[in-house]
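Below you'll find the structure, written out as structure tokens, and then a few comments.
4 protein chains.
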Amino acid sequence: MSNGIKIVTIGGGSSYTPELVEGFIKRYDELPVRELWLVDIEAGKEKLEIVGNLAKRMVAKAGVPMEIHLTLDRREALKDADFVTTQFRVGLLEARMKDERIPLKYGVIGQETNGPGGLFKALRTIPVILDVVKDMEELCPNAWLVNFTNPTGILTEAILRYTNFRKVVGLCNVPIHIHMNIAKGLGVEPERVHIDFMGLNHMVYGTKVLLDGEDVTSRVISEFARPTESMTMQNIKAMDWNPDFIEALGAIPCPYHRYYYQSKVMLEEELEAAKKDGTRAEVVKKLEDDLFELYKDPNLNIKPPQLEKRGGAYYSDAACRLITSLYNNKCDIQPVNTMNNGAIASIPDDCAVEVSAVITKDGPKPLTMGDLPVAARGLVQQIKSFERVAAEAGVTGDYKTALLAMCINPLVGSDNLAKQILDEMLEAHKEHLPQFFKNETVTAN
Amino acid sequence: MSNGIKIVTIGGGSSYTPELVEGFIKRYDELPVRELWLVDIEAGKEKLEIVGNLAKRMVAKAGVPMEIHLTLDRREALKDADFVTTQFRVGLLEARMKDERIPLKYGVIGQETNGPGGLFKALRTIPVILDVVKDMEELCPNAWLVNFTNPTGILTEAILRYTNFRKVVGLCNVPIHIHMNIAKGLGVEPERVHIDFMGLNHMVYGTKVLLDGEDVTSRVISEFARPTESMTMQNIKAMDWNPDFIEALGAIPCPYHRYYYQSKVMLEEELEAAKKDGTRAEVVKKLEDDLFELYKDPNLNIKPPQLEKRGGAYYSDAACRLITSLYNNKCDIQPVNTMNNGAIASIPDDCAVEVSAVITKDGPKPLTMGDLPVAARGLVQQIKSFERVAAEAGVTGDYKTALLAMCINPLVGSDNLAKQILDEMLEAHKEHLPQFFKNETVTAN
Amino acid sequence: MSNGIKIVTIGGGSSYTPELVEGFIKRYDELPVRELWLVDIEAGKEKLEIVGNLAKRMVAKAGVPMEIHLTLDRREALKDADFVTTQFRVGLLEARMKDERIPLKYGVIGQETNGPGGLFKALRTIPVILDVVKDMEELCPNAWLVNFTNPTGILTEAILRYTNFRKVVGLCNVPIHIHMNIAKGLGVEPERVHIDFMGLNHMVYGTKVLLDGEDVTSRVISEFARPTESMTMQNIKAMDWNPDFIEALGAIPCPYHRYYYQSKVMLEEELEAAKKDGTRAEVVKKLEDDLFELYKDPNLNIKPPQLEKRGGAYYSDAACRLITSLYNNKCDIQPVNTMNNGAIASIPDDCAVEVSAVITKDGPKPLTMGDLPVAARGLVQQIKSFERVAAEAGVTGDYKTALLAMCINPLVGSDNLAKQILDEMLEAHKEHLPQFFKNETVTAN
Amino acid sequence: MSNGIKIVTIGGGSSYTPELVEGFIKRYDELPVRELWLVDIEAGKEKLEIVGNLAKRMVAKAGVPMEIHLTLDRREALKDADFVTTQFRVGLLEARMKDERIPLKYGVIGQETNGPGGLFKALRTIPVILDVVKDMEELCPNAWLVNFTNPTGILTEAILRYTNFRKVVGLCNVPIHIHMNIAKGLGVEPERVHIDFMGLNHMVYGTKVLLDGEDVTSRVISEFARPTESMTMQNIKAMDWNPDFIEALGAIPCPYHRYYYQSKVMLEEELEAAKKDGTRAEVVKKLEDDLFELYKDPNLNIKPPQLEKRGGAYYSDAACRLITSLYNNKCDIQPVNTMNNGAIASIPDDCAVEVSAVITKDGPKPLTMGDLPVAARGLVQQIKSFERVAAEAGVTGDYKTALLAMCINPLVGSDNLAKQILDEMLEAHKEHLPQFFKNETVTAN
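Chains as they are written, first to last, in UniProt numbering: chain A, 1 to 445; chain B, 1 to 445; chain C, 1 to 445; chain D, 1 to 445.
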């Protein structure tokens, strides 16, 4: 790293990229990025160029000596990288639309990272992320992989369980979102707040809140547990928690918990939204189209404020903060997806969890958290079972294992229905599931 | 026990009693029961007398010197007992009807031992079973409590976690039922079959089947996993499992697993049945009325064959076999509900589980089972979380804890709905939930 | 096994063989051994023939149709075997003498299975037992390996940790010895006594004693814990335990525990004995020579009573009882060396332990034991650490790992001394440690 | 804490106090100590006054507004304290001399915190520390107890296991000593070095060393594992480790490990030293007498450099750094004695361990460490067993439990010898062991 840092972003054509570029610009003093390589695939070439040119204008405007490289050649980009971040979407938003629409047809929640949709996003993404890992082991073995691609929990599990690669951190903006909102609720700067995060990705709980080191957990639970707009995320409808429930739970759930603790309402909402405004992917598609229109403007040289609506709030903060701490051996505490290693008592040591960890140059070191409240434990363990079976299915491409994952997912809860959904989704996503169709005869058309 | 064995049966007026009496008669040589005390409460007095008189005629006909005592005074009966069995139902079948009907109104499965119904059966029964335990500690501290009362898993958990009493075994006829059906399917005598049972009550899996000591698990899974009539129980509709699912699972689920792996179908079935023939409690009520008519016949001096339809198949076998082994230090292997103690790796050591155990005079010693298949683990852990919170609610009578139990039960899955169901059921079962209403002002009417 | 059972005994020329043959003859009805193959190596050919001919005479006299085969070709013998037992001694008693004499020179206990001697017996034996396992996997994959060769705990650990072979049971006559002596002390038939055994080989504790199923542990501890002749073994000097210590410990140690709880006295005794009567191996050598003289007598056709002095009391009972239960799926409880699998809480699941287990045709299923008393736990864990490092050294032949094993053995307790002893013993046992000398240049003589 | 911090030091008359005072003065800006209460007992009154007056002169010279209070009334001092530090010695150096001399008579290592001496120091100190805790719960429930009194591991265990008090941190200067020496060896500022510390007090290993976040463990092991003067402590003779042993171990032991890995040499050294210069306590006694002579000098107003020889190097740094981080919620990483909580896999969660932890205002949060090397694990577990039994003996005053602790201590290794040493030491320390002599008739002389 003698000449500054080389960062590679897989899925560089994403509409999120200006977030990331802004983050690197802001932190240039402590994180001197010399080269930022934005990598995408053929199908994303146009977007890569639009967003890449915006990035170049942003860097020029900021006056920092950061080179922006655009490429479709991932292996060229990875050579000697220091950090690799991922934000790609196998099958693009079209695939997500199927993940949302198909389950709904069967009366089952269709969502990006939960239920059948989450399973298929994992099945599509695992072969790609394992490929990235293989390339990294060869081309930049000392680099850290900061995986922002969903479902980051399952992907981290797959990497930790099925490869020997250990320099991976799974990242999500849910915990930072909760952190920011709690700070806002307490009326203080976020720096004064510490939250013990423990659980899994999109299934994380805040089990303790400290303000200047003093325990304010029950205050936060009673005041903020009934979340209004401020406590939800762009892509999950704001919805009150039953206050007695949250108090008895004794921990702060994340917005995605609603899929489990409010399944019926969530399903109804989804069905209604799908009829009215379209599914989330469809809404996002429109937002993205608008964003790329904006990005094209040759006079635009900053991150446009409209990006906020897209749902990636604090994405840049989360990613840049993590990379900065890894680079500078900062030893501050951040919530990440990493190997449990004893942090959460009721999860096996070798599983991926989302947990508060000290971030060192040597990687994240989770804090010992003790255990989740008894009431929260079971759901987390159930989802971890699902994640492990899903990861195995993604790696092996075994049909029955994929069916098993679908059957034990609590949002499905029906073996025969699971099979129907599985079959339709396998067919729909066929082109992105090579591991499931590897032995199929390919005939000329 | 110098003069033979004294057995006390709490809920002695149950229609099941002739099963038990027949079992004791059959086994008199190795289990010389001198006194059988049938205990019931005022409201069950008439049934106690009917069934008690039948018991006396059965004993007389069999010519064994077993005294049958009928009493409403539990403490008198317990004095110096050797074994205490329980088969009582707090609130009788009327309460069970409410457990079934109320959740259905909210679109939630209403069932005796699962979902809201199971929770309320636990809440009603825990105070009574803890009272029995207290009496036993005083009046017959060396006796074993063989608890057949449902939900036996939660009751065993409550006793192990909230008392110092350890001479309790929770018993259920589900495993013996599976055992008998698998033997039938294999076309062999049950004695030649061994099954590794592990999990929780009504959530138990057969993870290994041995025939004469040889592993035939996969054969059994592929042939019998798709159960027909022979693989289900009287009170759960026969229903095929998806064969790919069962094969991928690699273990034999119990009939009650259908509430989780086939939730939607089960709910539909229940709704339809409730409209047509009535809920299971309502059906049972009629069966019981008929049975008691039969029992009254002064010429009847054997167990009437009609009792089989009632659903307690092998109840007598399970209970008498257990007592015989405890009494004779037989060291044979039986599935019971007892403390885990390391038997199942992913369940904490101090939890109640249902597991194959060696039955000694010193109590059941579970065999080390290793762990459940990854795919089964999560659901079992989730139900164990629920059971622990339910047990706590039953012991403390704390409203919020009860709400928490309802919210985290996977058959409910909705916090606000949980509250509505909880409130209606608390009101409906008020007279049997003293722990929840202890501070309420009682006003004269 | 259609035509009866084929048993192969590796080290068939051992003086113990008549014990085994007698055991098979006595149990012929339930364990119909058709062929017994006694296997030995070239150096043991003469003894093999002497003992083999005695075996033939014993069988003839008993009138059972059991064929005795003598061979130096292990692979021929193993073909289609049903059970393989081992009782070999790499390097014969001469090697044991070195194991005893060399450490003593450095003021360290020299003993067959403990301290430096135990380490070297493991290092010499591991390559051979792994070879046997490899042959079995090829030639008789369904056979059980009943390993009586010392140190059976470390060998079982090595097989479980470094091979995929699982049909191994490590066996020792220490627990049966304790069992018999306790029964004698209680004045009852051994069948009426059950003892919970838990720990490691030669480091096993009796933590609970039941007489007809009733707990008599504290009675046994207070009466018998201060052992006289009856509570020790042929090869360990009888010696009182401090009664307050044993009572506070709350468990019955085995004779070998004296090496740890009475180290100093044991060392002094050894030093004295070495001067006076010779070390144990030297004493045994004379006994064996006498035994073989006896065995040669063509008129001898029963096990000679003099064999008892040799130290293998109950060896035949232990081995034959185990094989009979494995063969007949007896499901009785026997103490064996097998994978822990949750039986003893403070030992990792994947380690070999010595523990009471139900013996089925499918192998031993340990009972859940809970945990050792806190005071006993630490020593057992320390020896387990030693055993694991010793097993690794035996498999890899790595010098530093062997040094590490020697250094952490509590009977050595000195790093530089450990190195001296290690170096001298490596040299002394060179011909039996191919794994440590594999890269050494072999020069023509 | 509105008016600054109140710190209470139990055993304030210690010769170490000037270290502490100097530390508070240096850190006044971030740790504004308003009141420092030095508490001692009647027997230590003179020393308290000498050292207290020196403290007053030091504060005056430094010009910080810190009040020094001297008192024999502990309860008065504790009222509303913010931090309580302990550095007392029950029975003074005279008791330590007995701890050293008596075991030596029996050929057993006599040492302040290991073997019989460590046991007796624990037995004498536990009643006093539990009394301090009781007072704190009443008089300053929000204060932190920073226990520097030896054996701090056993004391922390006793507090965590036998009280509900959780605001305790056990502190030792061994890890900081290792840290400083490794930094010195690497030729860098200590701030650039991070060491993963894990184990128990006086039995801690450095398992990973990072320099600026880069792993330099094997370099440190190979260069520094063979410690010279720089790698030992004042009170333990410098002594080479066998380099092959340390390399195979793969971790950096602490100086006290020599009592276990080099037992024989250590015993010989001790015996020789005892003859020549006297035991460590005797040497220290002279040093202390000299120090107090120095302290009396009314012109002395700084910490005299001679104090360094006393052995408490970095004591002040360790203590003040910890208090500063607790007070300021610094979230830096320090090695402390606290509840394991999953940090070290092979130690139960509820045990006290010495481990690297993030220091927050909410207390220390250990980092997840994974597990100790297999070879180190067993010894640590054995000492933990000893510590638990020792803590129980200290709390209960039960003779047999104390004997058990003595018997299982690996430095004793002999039951009858243990009893002799125990009896002599109980008698010798009688006046400081009220829990063991509570029922003894006291007769007038």
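Quick reminder that beta carbons are idealized off the backbone N, C-alpha and C, glycines included. None of these values were measured; they are calculated from a predicted model.
* **Cross-strand partners of C/GLU214 (DSSP beta bridge)** => Taking the first residue of the third sequence as position 1, residue 214 of chain C is located at position 214. As DSSP reads the structure, C/GLU214 sits in a beta bridge with C/LEU211.
* Return the residues of the region 359 to 377 of chain A that lie within a Cβ-Cβ distance of less than 9 Å from chain D, sorted by chain order. => Listed by position along the chain: THR360, LYS361, ASP362, LYS365, PRO366, LEU367, THR368, MET369, GLY370, ASP371.
* Asked: Can you tell me the Cα-Cα spacing of A/SER385 and C/PHE88, whole angstroms?
  -> Here residue 385 of chain A is taken as the residue at index 385 of the first sequence, counted from 1. Here residue 88 of chain C is taken as the residue at index 88 of the third sequence, counted from 1. Near 46 Å, if we compare the C-alpha coordinates of C/PHE88 and A/SER385.
* **Burial state of B/GLN382, where buried means 16 or more other Cβ atoms lie within 10 Å** => By 1-based counting over the second sequence, the position of residue 382 of chain B is 382. By the beta-carbon neighbour count (other beta carbons within 10 angstroms, threshold 16), B/GLN382 is buried.
* To do: Starting from the Cα of A/ALA143, find the closest Cα among A/VAL174, A/THR401, A/LYS79, A/LEU200 and give me that residue.
  => As a first step, residue 143 of chain A is located in the first sequence; it is residue number 143 there, counting from the start. When only C-alpha atoms are compared, the closest one is A/LYS79.
* Excluding the five sequence neighbours on either side, which residues of its own chain have a C-beta within less than 7 Å of the C-beta of C/MET97, listed in chain order? -> By one-based count along the third sequence, residue 97 of chain C stands at place 97. Excluding positions up to five away in sequence, the list reads THR279, ALA281, GLU282.
* Asked: Can at least three beta-carbon pairs, one atom from the region 430 to 440 of chain B and one from the region 29 to 46 of chain C, be found at a separation below 8 Å?
  -> Output reads no: the region 29 to 46 of chain C does not touch the region 430 to 440 of chain B.
* Run down chain A in chain order and give the residues with a C-beta less than 7 Å from the C-beta of B/ALA248. => The count along the second sequence starts at 1 and reaches residue 248 of chain B at position 248. Residues of chain A passing the Cβ test: LYS400, THR401, LEU403, LEU404.
* To do: Determine the contact status of A/GLY170 and A/ALA345, defining contact as a CB-CB distance below 8 Å.
  => Numbered from 1 along the first sequence, position 170 holds the residue referred to as residue 170 of chain A. Numbered from 1 along the first sequence, position 345 holds the residue referred to as residue 345 of chain A. For A/GLY170 and A/ALA345, no; Cβs fall outside 8 Å.
* To do: Could you work out which residue in C/ALA95, C/ILE159, C/MET136, C/VAL168 is closest to C/VAL146 when comparing CA atoms only?
  => Mapped onto the third sequence, residue 146 of chain C falls at position 146. When each option's Cα is compared against that of C/VAL146, the closest is C/VAL168.
* Asked: Does the Cβ-Cβ distance between B/ALA313 and B/GLN334 come in under 8 Å?
  -> Within the second sequence, the letter at position 313 stands for residue 313 of chain B. Within the second sequence, the letter at position 334 stands for residue 334 of chain B. Going by C-beta atoms, B/ALA313 is not nearer than 8 Å to B/GLN334.
* Below-8 Å beta-carbon distance, B/GLU214 vs any chain C residue -> By one-based count along the second sequence, residue 214 of chain B stands at place 214. The beta carbon of B/GLU214 falls within 8 Å of a beta carbon belonging to chain C, placing the residue at that interface.
* Extent of the continuous beta strand (DSSP E) to which C/HIS194 belongs -> Counting from one through the third sequence, the residue named residue 194 of chain C turns up at place 194. 193 to 200 is the span of the beta strand (DSSP E), which, as asked, contains C/HIS194.
* Asked: Can you tell me whether B/LYS45 is buried or exposed, with buried defined as 16 or more other CB within 10 angstroms of its CB?
  -> Within the second sequence, residue 45 of chain B is the residue found at index 45, counting from 1. Flag for B/LYS45 reads exposed.
* Please name the residue in C/ASP415, C/HIS177, C/MET406 whose C-alpha comes closest to that of C/GLU308. => Along the third sequence, one-based indexing puts residue 308 of chain C at 308. With distances taken between Cα atoms, C/GLU308 lies closest to C/HIS177.
* Asked: Would D/LYS361 pass as a contact of D/LEU322 if the rule is Cβ separation under 8 Å?
  -> Position 361 of the fourth sequence, counted from the start, is the residue given in the question as residue 361 of chain D. Position 322 of the fourth sequence, counted from the start, is the residue given in the question as residue 322 of chain D. No. Outside cutoff.
* At which residues does the beta strand (DSSP E) containing A/SER356 begin and terminate? -> Here the question's residue 356 of chain A lines up with position 356 in the first sequence. That run of the beta strand (DSSP E) goes 352 to 360.
* Taking the alpha-carbon positions, what's the A/GLU22 to A/ASN337 distance? -> Position 22 of the first sequence, counting from 1, holds the residue named residue 22 of chain A. Position 337 of the first sequence, counting from 1, holds the residue named residue 337 of chain A. Each residue's alpha carbon lies about 24 Å from the other.
* **Proximity to C/GLU427 [Cα-Cα], best of C/GLU35, C/ILE102, C/VAL59** => To locate residue 427 of chain C, count along the third sequence from 1; it is residue 427. Comparing Cα-Cα distances from C/GLU427 to each of C/GLU35, C/ILE102, C/VAL59, the minimum goes to C/ILE102.
* To do: Would you decide whether C/VAL19 is buried or exposed? Buried here means 16 or more other CB atoms lie within 10 Å of its CB.
  => The count along the third sequence starts at 1 and reaches residue 19 of chain C at position 19. Just to set this straight, residue 19 of chain C is Glu in the shown sequence, not Val. It is buried - the Cβ of C/GLU19 has at least 16 other Cβ atoms within 10 Å.
* **Through-space distance from A/VAL389 to A/PHE245, alpha-carbon basis** => Indexing the first sequence from 1 puts residue 245 of chain A at position 245. Indexing the first sequence from 1 puts residue 389 of chain A at position 389. Each residue's Cα considered, the two are about 30 Å apart.
* **D/ALA402 vs D/ALA391 beta-carbon contact at 8 Å** => The sequence position of residue 402 of chain D within the fourth sequence is 402, counting from 1. The sequence position of residue 391 of chain D within the fourth sequence is 391, counting from 1. Here D/ALA402 is not near D/ALA391, since their CB atoms are 8 Å or more apart.
* Do C/GLU35 and C/HIS69 have their CB atoms nearer than 8 Å? -> Mapped onto the third sequence, residue 35 of chain C falls at position 35. Mapped onto the third sequence, residue 69 of chain C falls at position 69. Judged by their CB atoms, C/GLU35 and C/HIS69 are nearer to each other than the 8 Å cut-off.
* Spatial neighbours of D/ARG74 within its chain, please: CB distance less than 7 Å, with the 5 preceding and 5 following residues excluded, ordered by chain position. => Indexing the fourth sequence from 1 puts residue 74 of chain D at position 74. Shown here for D/ARG74: same chain residues with a beta carbon closer than 7 Å to its own, the five before and five after excluded, namely ILE10, VAL39, ASP135 in chain order.
* Asked: How big is the Cα-Cα spacing for C/VAL8 and C/ILE129?
  -> Within the third sequence, residue 8 of chain C is the residue found at index 8, counting from 1. Within the third sequence, residue 129 of chain C is the residue found at index 129, counting from 1. CA-to-CA, the gap between C/VAL8 and C/ILE129 works out to about 14 Å.
* Taking the CB atoms as reference points, tell me whether A/PHE148 and A/THR86 lie closer together than 8 Å. => As a working note, residue 148 of chain A is residue 148 in the first sequence. As a working note, residue 86 of chain A is residue 86 in the first sequence. Between A/PHE148 and A/THR86, the C-beta gap is smaller than 8 Å, which places the two residues in contact.
* At what residues does the alpha helix (DSSP H) containing C/ILE333 begin and finish? -> Here residue 333 of chain C refers to the residue found at position 333 when the third sequence is read from its first residue. In the DSSP assignment, C/ILE333 falls outside any alpha helix (DSSP H) and within the unbroken beta strand (DSSP E) covering 332 to 339.
* Residues that B/ASN329 contacts on chain C, provided the C-beta gap is smaller than 7 Å -> Here residue 329 of chain B corresponds to residue number 329 of the second sequence, with the count starting at 1. Per Cβ cutoff of 7 Å: ASP212, GLY213.
* How would you label C/MET233, buried or exposed, when you count the other beta carbons within 10 angstroms and need 16 or more for buried? -> Position 233 of the third sequence, counted from the first residue, corresponds to residue 233 of chain C. In this predicted model, C/MET233 has a pLDDT of only 42, less than 50, meaning its place in the structure is not dependable; the value taken from the coordinates is given anyway. Counting the other CB atoms within 10 Å of its CB gives C/MET233 a total of 16 or more, which places it among the buried residues.
* To do: Step through the CB atoms of chain A and report whether any lies within less than 8 Å of the CB of B/PHE386.
  => Here residue 386 of chain B corresponds to residue number 386 of the second sequence, with the count starting at 1. Put simply, the CB of B/PHE386 is near chain A, with a gap under 8 Å to one of its CB atoms.
* **Alpha-carbon to alpha-carbon, B/PRO348 and B/PRO127** => Translated into positions along the second sequence, residue 127 of chain B becomes position 127. Translated into positions along the second sequence, residue 348 of chain B becomes position 348. If I take the Cα positions, the gap works out to 25 Å.
* On the DSSP bridge assignment, give the partners of D/ILE344 in chain order. => Position 344 of the fourth sequence, counted from the first residue, corresponds to residue 344 of chain D. Its beta-bridge partners are D/GLY370.
* **D/SER414 - partner residues in DSSP beta bridges** => Sequence index remark: in the fourth sequence, residue 414 of chain D carries index 414 (1-based). Its beta-bridge partners are C/GLN262.
* To do: Excluding the 5 residues preceding and the 5 following A/LYS61 in the sequence, name in chain order all residues of the same chain whose CB lies nearer than 8 Å to its CB.
  => Working through the first sequence from its first residue, we reach residue 61 of chain A at position 61. Within the same chain, Cβ atoms closer than 8 Å to the Cβ of A/LYS61 are found at ASN301, ILE302, the five residues on either side in sequence being excluded.
* Which of helix, strand or coil does DSSP assign to A/LEU300? -> Reading the first sequence from its first residue, position 300 is the one you call residue 300 of chain A. In the structure shown, A/LEU300 sits in coil (DSSP, three-state: anything other than H, G, I, E or B).
* **Inter-residue CB distance, C/LYS47 and C/GLY91 (contact presumed, cutoff 8 Å)** => If you number the third sequence from 1, residue 47 of chain C lands on position 47. If you number the third sequence from 1, residue 91 of chain C lands on position 91. Rounded, the Cβ-Cβ distance is 15 Å, inconsistent with contact.
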